Amino acid sequence: MRVELINIGDFTIRSYGVIVALAILLAASLAYFLARNTPYQKHIPNILVFVVLGAIIGARIWHVFFFQWGYYAKNPVQIFAIWEGGLAIQGALVGGFVVGIVYAKIHKFSFWEFADTVAPAIIFGQGVGRIACFLNGDAYGSPTGSSFGLVYPEGTQAFDRYGAQPLWPAEVWEGQWDFIVFAILIGLKNKTLPHGFLFLTYHILYAVGRFSLEYLRGDSPRYAFEWTAGQWTSAVIIVTSILIMLVMTYRKNKVQTSKEVTEGMIH
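Residue numbers for the sequence shown follow the working numbering, beginning at 12 and rising by one.
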């Protein structure tokens, strides 16, 4: 774990920013590769800038208001110090999702087909991005109560809160789960699924893993049912994704039934 990679006078390069930038670069490159032989490949470089901006804004809003509002309410200037860490991936997904829909409407192409194409790249980027949290000492777990666990060094948020106690490797396990989801999506990519289902499957799988691992987190306030903001967000994502799938299936079946009735009348 190393919060600061290089120090040159007053200039500091932080591991968090470097790894997040690397995650974005790798995700974008993978998305470009996955979109080969599709009309969406040419949009990857153009949409990237807008999606990244939307994701950063959404991620910061989520982190500030749902995860550490107590701290930022007392230190409002720090709200803008994103290079020090503090980007909630679920907020990034919401921000990127909204921007993606708007971009697709402006350029008149199917958002769901596009989202299916790039879904594996998104979760791959998330997996790499969790390395940034590990190096920065945020998104940390709660004390394990044993000799097992991660011991964070001084200068990290985890150490500031728990000292040298061993903590659950929540962010490490989440990153590993992300790569498992990536492998599942790659396996499903060539299956014949309704448009949008691969993208929604990604959301459900990620949210299930996130919801489970949140029980080990030690950096988040808890609300009703002792759930964290991450768990509440995950629950909403799972329910919403399933509902969208059901609506899509209903509409597809309705269209198919209507088509069969029409063909029957013609015959």
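No residue lacks a Cβ here, since even glycine has one placed at the ideal position from N, Cα and C. Nothing here was measured: the structure is a model prediction, and the numbers come from that model.
Sequence-distant partners of residue 183 (beyond 5 residues in either direction) whose C-beta falls short of 8 Å from its own C-beta, in its chain, are 141, 145 and 161. Of the candidates 88, 50, 256 and 257, the residue whose Cα lies closest to the Cα of residue 129 is 50.
Here residue 77 is near residue 240, since their CB atoms are less than 7 Å apart. Per the coordinates, the alpha-carbon of residue 174 lies some 16 Å from the alpha-carbon of residue 14.
The three-state secondary structure of residue 185, taken from DSSP, is helix.
Here the segment 165–181 makes no contact with the segment 65–75; the two share fewer than three CB pairs at distances below 8 Å. A straight line joining the alpha-carbon of residue 47 with that of residue 151 spans about 38 Å.
Note that the C-beta distance between residue 107 and residue 190 is not below 7 Å.
Using a 10 angstroms sphere on the CB of residue 99, the tally of other CB atoms reaches 16 or more, which defines it as buried. With a beta-carbon spacing of about 17 Å, residue 204 and residue 132 fall beyond the 8 Å limit used to define contacts. Ranked by Cα distance from residue 188, the first of 177, 41, 178 and 221 is 221. Bounds of the beta strand (DSSP E) holding residue 25 are 22–25.
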